[in-house]
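Each protein sequence line maps, in turn, to chains A and B. All residue numbers for the first sequence refer to the working numbering, where the first residue is 122 and numbers rise by one. All residue numbers for the second sequence refer to the working numbering, where the first residue is 436 and numbers rise by one. Every residue gets a Cβ at the ideal spot worked out from N, C-alpha and C, and that includes glycine. Take a look at the structure set out below.
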Amino acid sequence: MADFKLRRSLLYVPGNMPSMLQNIPIFNCDSVIIDLEDAVPLAEKDAARHLVKRFLLNYTDRNKELLVRINPLDSKWGYEDLKVVLPAMPDGIRLPKADTPEIVERLDTLLTEFEEELEVEIGRFGILPSLESALGVINAVGIANSSERIFALAFGAEDYTASMEIERSRGGEELFNARTRVLWAAKAKGIQAVDTIFADVSDMEGLRAETELAKRLGYTGKCLVNPRQIEVVHDVFAPKEHEVEYALQVIEAIKRARQLGTGVIALGGKMVDAPVVKRAARVLRTAYAHGMVDTLIDEEEIHGAQ
Amino acid sequence: MKIVKKAQAGTMQSSDLMVFLEPAETLSVTIESTVVKQFGALIRAKVDEVLEKHGIESGEVRITDRGALDYAIEARLETAIMRATEG
């Protein structure tokens, strides 16, 4: 992906709680998802969207990505959520129950209409679809390709396990296939994949284990239910010192190889070629975002001059 | 707009406020706040501004403030007005 935006931590904030909303500027997560859906009682849907709108209009010095989780488009609140909140310019919409490509396409069309009305650039509002049912997981590939606004796919295990009529376990074995399928769809499209929430705020060890699993599989971020979870997630997603060092060596090695007129070279007895360089480049971009290296690696270093 | 029925909005959580609206012949605004000494006038100014924006000229307005900021006052009052004015 051309623009590399770090999305390790996407923190849910209930939309009807001023005390949480006004802390958004000081949370050190990469993104927040202001929730108009499950965190808001049915009788307060109108109140929450007005509160979120006023909060966003007032939050001019923005320092993180701001997403709003609207109610499902087939509910009686979804459209009204968009109508009230979009003029306050969130960065994107988290779409719950994105079970089919058609649902996302519908949101895409609505966003285009609002962008025209608001006279802002078409494509300004991004979409983060939630794949949180058996149907959504099956349709992951189609959904990933349903709109150019989609910057990541999010896996939602709570609703997914409900739709599967199973319990969610601490080890997460029951999620394995779904997690992988969402990931494949995201990687095939070249977008990010965001893992599900970990609901037990007191279990930091469990959070760390689950985040490590998600990272190993290929997820680039995780949704959070409490600001206390941010630190663990950032720690897991941060490249380790030795990974960064090795990545720097790989880049140096491939530069030497090119001087010798080849695209492959040995480093410490291991072969370094294009895929290895690509992985090293990803580590270094993440390291740069963490402030672990000073310069952002450029494309020429990764691919060589034409 | 005209307040045609009783309505309320908001919560009693900290940083929030409750707004109560009732139809009345004249306009009256009462504010109860833990910080009424320091911020009573500012809260009142915000309330007046929002009422005027929505063309509310009569009704009983009661605010119980729990240390809300301006954006929350505006939002809660807006919601209460919408609830009190819809047919």
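- In the structure shown, residue 161 of chain A adopts coil according to DSSP, grouped into three states.
- Secondary structure note for residue 234 of chain A: its alpha helix (DSSP H) is the uninterrupted segment 222-239.
- Using a Cβ-Cβ cut-off of 8 Å, residue 517 of chain B counts as an interface residue toward chain A, since at least one Cβ of chain A sits closer than that to its own.
- Counting only the Cα atoms, residue 315 of chain A lies some 14 Å from residue 346 of chain A.
- The beta carbon of residue 228 of chain A is closer than 7 Å to those of 194, 214, 216, 248 in its chain, skipping five residues each way along the sequence.
- Cβ-Cβ separation between residue 457 of chain B and residue 441 of chain B: approximately 5 Å, consistent with a contact (criterion under 8 Å).
- Among the residues facing chain A, residue 448 of chain B is included, as its CB has a counterpart in that chain under 8 Å away.
- Assignment of residue 156 of chain A by DSSP, reduced to helix, strand and coil, places it in the strand class.
- In the three-state reduction of the DSSP assignment, residue 436 of chain B falls in the coil class, being assigned neither a helical nor a strand state.
- C-alpha of residue 462 of chain B to C-alpha of residue 510 of chain B: approximately 20 Å in a straight line.
- Beta-carbon to beta-carbon, residue 418 of chain A and residue 405 of chain A are separated by about 5 Å, close enough to satisfy the 8 Å threshold.
- For chain B, the residues of the stretch 128-154 of chain A that bring a beta carbon within less than 7 Å of one of its beta carbons are 138, 139, 140, 143, in chain order.
- Judged by DSSP secondary structure, residue 216 of chain A falls within the beta strand (DSSP E) whose first and last residues are 213-216.
- At least one CB atom of chain A sits nearer than 8 Å to the CB of residue 514 of chain B.
- DSSP links residue 509 of chain B through a beta bridge to no other residue.
- Annotation for residue 276 of chain A: no alpha helix (DSSP H) segment contains it, though the beta strand (DSSP E) segment containing it runs 273-276.
- For residue 252 of chain A, the enclosing beta strand (DSSP E) covers residues 247-252.
- Residue 439 of chain B is positioned such that its CB atom lies closer than 8 Å to that of residue 519 of chain B.
- Taking all protein chains in view, the Cβ of residue 253 of chain A is crowded by 16 or more other Cβ atoms within 10 Å, so the residue is classified as buried.
- Going by DSSP, residue 200 of chain A is part of the alpha helix (DSSP H) stretching over 199-206.
- According to DSSP, residue pairing for residue 496 of chain B in a beta bridge involves B:456, B:464.
- In the displayed model, residue 444 of chain B falls within a strand according to three-state DSSP.
- With a threshold of 8 Å between beta carbons, residue 451 of chain B makes contact with chain A.
- Using a 10 angstroms sphere on the CB of residue 293 of chain A, the tally of other CB atoms reaches 16 or more, which defines it as buried.
- Close CB contacts of residue 321 of chain A within its chain, under the 7 Å cut and outside five residues either way in sequence, are with 327 (chain order).
- Annotated as proximal: residue 189 of chain A and residue 157 of chain A, with beta-carbon spacing under 8 Å.
- Within the DSSP bridge table, the entry for residue 503 of chain B names no partner.
- At a cut-off of 8 Å between C-beta atoms, residue 403 of chain A does not count as an interface residue with respect to chain B.
- Relative to the Cα of residue 177 of chain A, the nearest Cα in the group B:483, B:505, B:499 belongs to B:505.
- Under the Cβ criterion of 8 Å, residue 509 of chain B is counted among the residues facing chain A.
- Closest in alpha carbon position to residue 423 of chain A, among A:411, A:410, A:397, is A:397.
- One finds 444, 514, 517, 518 in chain B with Cβ atoms closer than 9 Å to the Cβ of residue 167 of chain A, taken in chain order.
- Each of A:350, A:300, A:242 was checked against the Cα of residue 339 of chain A, and the nearest Cα belongs to A:300.
- Pairing residue 312 of chain A with residue 265 of chain A gives a Cβ-Cβ distance under 8 Å.
- Taking a cut-off of 8 Å for Cβ pairs, the stretch 159-172 of chain A and the stretch 473-486 of chain B do not touch, as fewer than three such pairs fall below it.
- C-alpha of residue 256 of chain A to C-alpha of residue 199 of chain A: approximately 20 Å in a straight line.
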